[in-house]
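A.B. asks: Reading the sequence shown from the start, the letters are residues 11 to 278 in our numbering. Every residue gets a Cβ at the ideal spot worked out from N, C-alpha and C, and that includes glycine. Note that the structure is a prediction, hence the values are computed from the model and not measured.
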Amino acid sequence: MAKDGSTAAAPDGTTTGSGDIARSLELLWGTGDRPSRGPRPGLTLDRIVTAAIAVADAEGLAAVSMRRLSTELGTGTMSLYRYVPGKAELLDLMLDRVLGEPLSDERGRGGSVPDDWRVAIDAMARTYLDNLRRHPWLLKINQARTVLGPSALRGLELSLTALRSMGLRDPELIGVIITVNSFVEGLARTRGDAAEAVAQTGLSDEEFWDSQRPYLERAMLSGAYPMMAGMAEDAFSAEFDHFAFGLERLIAGFEALVAERTADRATG
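Next comes the structure, spelled out in structure tokens:
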């Protein structure tokens, strides 16, 4: 946190929440004091968080400020401070809200828990990818030390409940979630970086690669890169579903682990 109480961005553009951790936890768990007088009627912490997420979704985290939110909500900036100390604590509340969004796949709609852990992992991955698409600012936040509130814990509870039939040890179940989330984040970050490059340069992907085509063609004809020169024309096709491919391989790997654990229990 910066000395002025705001969230500090790292050189790579990432940031953290966790301003006053005690205050964030009070707000997340509803144990803090509520404003007793002065704020505009109808203004609530829930409305403030909802407005902040909407601004971040549309314009990025940099656009979220107490002054901007006061404009969006039609109230004075000081009224907001009666509900939340500043942007750092607000970011903790925003994270809890979006990280707690339930499984949204048709096989796990409305937060229900799929019976098959394979279906659950598929739904978890697709839900998280969807969350990152709707809230791309999540990729700009260092979540290594996220302040956990009820929504985030509810999401974790649902995930663990869905995975319990795997029969793995607790650290391994957490490892499954971390592995799936890391895979999704990596793919989402690559896609987000590509979109950001287009926005910053004004060059489409096609224009970018076309500018390199003469050099790459000469390189392939030089004989120095036989493996790449021999690849099929569709090797880098945008039509190939890398998400589905990677997710299927992850699930297959977990299946092998579950089978190994099952065999160990049968012979143990």
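Between the region 192-206 and the region 132-149, can you find at least three pairs of beta-carbon atoms closer than 8 Å?
C.D. replies: Segments in contact, yes.
A.B. asks: Considering only DSSP beta bridges, list what I283 is partnered with.
C.D. replies: Past the boundaries of the shown model lies residue 283; the chain is included only from 11 to 278, so the question cannot be answered.
A.B. asks: What are the start and end residues of the alpha helix (DSSP H) that includes F253?
C.D. replies: H252 to T277 is the span of the alpha helix (DSSP H), which, as asked, contains F253.
A.B. asks: Any idea if G84 is buried or exposed, counting beta-carbon neighbours within 10 angstroms, 16 or more meaning buried?
C.D. replies: Burial call: exposed.
A.B. asks: Going by the beta-carbon positions, is the gap between T87 and M76 smaller than 8 Å?
C.D. replies: In this structure, M76 lies closer than 8 Å to T87 by Cβ.
A.B. asks: Using beta-carbon positions only, say whether I58 and L101 come within less than 8 Å of one another.
C.D. replies: Not in contact: I58 and L101 (Cβ atoms no closer than 8 Å).
A.B. asks: Apply the 10 Å Cβ neighbour rule to A239 and answer buried if 16 or more other Cβ atoms are within range, or exposed otherwise.
C.D. replies: Answer is exposed; the Cβ neighbour count stays below 16.
A.B. asks: What are the boundary residues of the alpha helix (DSSP H) that L170 is part of?
C.D. replies: Counting along the chain, the alpha helix (DSSP H) containing L170 begins and ends at P160 to L173.
A.B. asks: Rounded to a whole number of angstroms, what is the C-alpha to C-alpha distance between Q222 and T211?
C.D. replies: In a straight line, the C-alpha of Q222 is about 15 Å away from that of T211.
A.B. asks: Got a sec, what are the start and stop residues for the alpha helix (DSSP H) A245 sits in?
C.D. replies: Element bounds for A245: n/a, residue is neither H nor E.
A.B. asks: Grouping DSSP H, G and I as helix and E and B as strand, with all else coil, what is A205?
C.D. replies: Looking at A205 - three-state DSSP - the assignment turns out to be helix.
A.B. asks: By how many angstroms is the C-alpha of G202 removed from the C-alpha of D106?
C.D. replies: About 22 Å.
A.B. asks: Please classify M230: does DSSP put it in a helix, a strand, or coil?
C.D. replies: Helix at M230.
A.B. asks: L213 to A207, Cα distance in whole Å?
C.D. replies: One C-alpha to the other measures close to 8 Å.
A.B. asks: Less than 8 Å between the C-beta atoms of P95 and G29, yes or no?
C.D. replies: In contact: P95 and G29 (Cβ atoms closer than 8 Å).
A.B. asks: With a CB to CB cut of under 7 Å and the five nearest residues on each side skipped, what residues in its chain are close to L204?
C.D. replies: For the sequence presented, residue 204 should be read as Ala rather than Leu. Correct list, in chain order: D215.
A.B. asks: Which same chain residues, not among the five before or five after S344, have their C-beta less than 8 Å away from its C-beta?
C.D. replies: The question about residue 344 has no answer, for the chain in this structure spans 11 to 278.
A.B. asks: If we ignore side chains and look at the alpha-carbon of each, how far apart do D126 and A262 end up?
C.D. replies: The alpha-carbon atoms of D126 and A262 are separated by roughly 14 Å.
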